[in-house]
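**Q**
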Amino acid sequence: MNVRRLTFRCLVLLELLLSTSVGLASVRAEQPLLGLRSHADYEGWQRVIPTHLKLQYAGGMGVGSVGVGWDYGRGNQWESDVMVGYLPKRYSDAAHLTLSLRQTYTPWNLPLWRDVSYEPLSCGVYLTTITGDKFWTREPGKYGGKYYKFASRVRLHVFVGQRINLSQLSRGRLQGASLYYEVSACDMNLVSKFTNSSLKLTDMLFFSCGVRLQIARPR
Numbered sequence: 746m747n748v749r750r751l752t753f754r755c756l757v758l759l760e761l762l763l764s765t766s767v768g769l770a771s772v773r774a775e776q777p778l779l780g781l782r783s784h785a786d787y788e789g790w791q792r793v794i795p796t797h798l799k800l801q802y803a804g805g806m807g808v809g810s811v812g813v814g815w816d817y818g819r820g821n822q823w824e825s826d827v828m829v830g831y832l833p834k835r836y837s838d839a840a841h842l843t844l845s846l847r848q849t850y851t852p853w854n855l856p857l858w859r860d861v862s863y864e865p866l867s868c869g870v871y872l873t874t875i876t877g878d879k880f881w882t883r884e885p886g887k888y889g890g891k892y893y894k895f896a897s898r899v900r901l902h903v904f905v906g907q908r909i910n911l912s913q914l915s916r917g918r919l920q921g922a923s924l925y926y927e928v929s930a931c932d933m934n935l936v937s938k939f940t941n942s943s944l945k946l947t948d949m950l951f952f953s954c955g956v957r958l959q960i961a962r963p964r
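In our numbering, each number is its position in the sequence shown, counted from 1, plus 745.
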């Protein structure tokens, strides 16, 4: 199965699940989190300690990326992440590193069975930059200053996705884990879609998947 077909099927699945989850929005307010993101006992300086680790494949952040993040807000529905990715030479002119800042919002957490829960919607934005002399933030003078509308070094993405959570693992400091997938699009592709109707949806989307590991509070 090629990437385009897989992305299309994920979009169809996402649309179906989102349509059924809207009616369940009130459940999120009534059901407490299953311990996966429950760390209200963090106090003082402990609040700066990352609450989770993430490992991700693809998504416009390199072939693979890893990072740390923090949960906060009512019900810990907000997440901020800092991730470093790697793009091998086989996919570009040379090997490159990427740095990404992510903001995620997950409004609903629905219990399935025992310690397993389901988040039918996670959405957000992330800003990614890449190393290397080939990429630039300010358009080089040889292009006349008006040829390219976007910096090649920085991309802004928007994304939607879903998660399955497993809580109460109790493996040392590992408190829980989540498996997730996301479908994203960057600023340049979104603008290109409006100005170029022939651009296919599957040509402008990024598919990614990963695992999120919840860290227990240090004692």
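Using N, Cα and C, we set each Cβ at its ideal position, and we do this for glycine too.
Counting Cβ pairs, one atom from each stretch, are 3 or more of them under 8 Å apart for the segment 908–923 and the segment 857–865?
**A** The segment 908–923, when compared against the segment 857–865, does touch it at the 8 Å Cβ threshold.
**Q** Output the distance between the C-alpha atoms of Thr849 and Glu824, rounded to the nearest integer angstrom.
**A** As a working note, residue 849 is residue 104 in the sequence shown. As a working note, residue 824 is residue 79 in the sequence shown. So the alpha carbons of these two residues sit roughly 5 Å apart.
**Q** By DSSP, does Gln791 sit in helix, in strand, or in coil?
**A** The sequence position of residue 791 within the sequence shown is 46, counting from 1. Gln791 falls in the helix class under three-state DSSP.
**Q** Measure the Cβ-Cβ separation of Leu958 and Leu919 and say whether it is below 8 Å.
**A** Sequence index remark: in the sequence shown, residue 958 carries index 213 (1-based). Sequence index remark: in the sequence shown, residue 919 carries index 174 (1-based). In this structure, Leu919 lies closer than 8 Å to Leu958 by Cβ.
**Q** Rounded to whole angstroms, what's the CA-CA distance from Ser937 to Ser929? Just pull it up for me.
**A** Taking the first residue of the sequence shown as position 1, residue 937 is located at position 192. Taking the first residue of the sequence shown as position 1, residue 929 is located at position 184. Taking the straight line from one Cα to the other gives about 15 Å.
**Q** Suppose the cutoff is 8 Å on Cβ atoms and the five residues either side in sequence are ignored; what does the same chain contact list for Leu935 look like?
**A** Sequence index remark: in the sequence shown, residue 935 carries index 190 (1-based). Val903, Met949.
**Q** Return the CA-CA distance between Thr940 and Ser845, expressed in angstroms with no decimal places.
**A** Walking along the sequence shown from the start, residue 940 turns up at place 195. Walking along the sequence shown from the start, residue 845 turns up at place 100. Cα-Cα distance, rounded: 27 Å.
**Q** With the cut-off set at 8 Å, would you say His841 and Thr876 are in Cβ contact?
**A** Residue mapping note: residue 841 aligns to position 96 of the sequence shown, counting from 1. Residue mapping note: residue 876 aligns to position 131 of the sequence shown, counting from 1. Yes, the pair counts as a contact, with Cβ atoms nearer than the cut-off.
**Q** From Glu864, Ala896, Asp826, pick the residue whose C-alpha is nearest to that of Gly982; which is it?
**A** Any question about residue 982 goes unanswered here, given that the chain covers just 746 to 964.
**Q** Could you spell out the range, first to last residue, of the beta strand (DSSP E) harbouring Leu800?
**A** Indexing the sequence shown from 1 puts residue 800 at position 55. It spans 797–803 - the beta strand (DSSP E) in which Leu800 sits, taken as one unbroken run.
**Q** Comparing alpha-carbon positions, which option in Tyr802, Glu788, Glu927, Gly807 lies nearest Val870?
**A** Translated into positions along the sequence shown, residue 870 becomes position 125. Out of Tyr802, Glu788, Glu927, Gly807, Glu927 has the C-alpha closest to the C-alpha of Val870.
**Q** On a Cα-Cα basis, can you pick out the residue from Lys799, Phe952, Ala961, Ala896 that is closest to Val827?
**A** Looking up residue 827 in the sequence shown gives position 82. That would be Lys799, whose Cα lies nearest to the Cα of Val827.
**Q** Measuring alpha carbon to alpha carbon, tell me which residue in Asn854, Gln822, Val808, Arg819 is nearest Ser837.
**A** Mapped onto the sequence shown, residue 837 falls at position 92. Checking every option, the nearest Cα to that of Ser837 belongs to Val808.
**Q** Within the same chain, show all residues whose beta-carbon is closer than 7 Å to that of Gly805, passing over the 5 residues directly before and after it, in chain order.
**A** Start at 1 with the first residue of the sequence shown, and residue 805 comes out as number 60. These residues qualify, in order along the chain: Thr873, Arg900, His902, Ser929, Cys931, Phe951.
**Q** At 3 residues or longer, and completely inside the segment 899–926: list those beta strand (DSSP E) runs for me, N to C.
**A** As far as the segment 899–926 is concerned, its whole beta strand (DSSP E) runs of at least 3 residues are 899–916.
**Q** So for Gly820, helix, strand or coil by DSSP?
**A** Taking the first residue of the sequence shown as 1, we reach residue 820 at position 75. The answer is helix: DSSP assigns Gly820 an H, G or I state.
**Q** Report the residue from Gly955, Arg898, Tyr817 whose alpha carbon sits nearest the alpha carbon of Pro852.
**A** Translated into the one-based positions of the sequence shown, residue 852 becomes position 107. The candidate whose alpha carbon is nearest that of Pro852 is Tyr817.
**Q** Who are the near neighbours of Phe880 in its chain, counting only those whose CB is closer than 6 Å to its CB and skipping five residues on each side?
**A** Taking the first residue of the sequence shown as 1, we reach residue 880 at position 135. Answer for Phe880: Ser897, Arg898, listed in chain order.
**Q** Specify, as a first and last residue, the run of the alpha helix (DSSP H) that Asn940 falls within.
**A** Residue numbering aside, residue 940 sits at position 195 when the sequence shown is read from its first letter. According to the sequence provided, residue 940 is Thr. The question's Asn does not apply to it. Segment 932–940, the alpha helix (DSSP H) holding Thr940.
**Q** Count the other CB atoms, across all protein chains shown, that sit within 10 Å of the CB of Ser942; report buried if there are 16 or more and exposed otherwise.
**A** In the sequence shown, the residue the question calls residue 942 occupies position 197. Its Cβ having fewer than 16 others within 10 Å, Ser942 is exposed.
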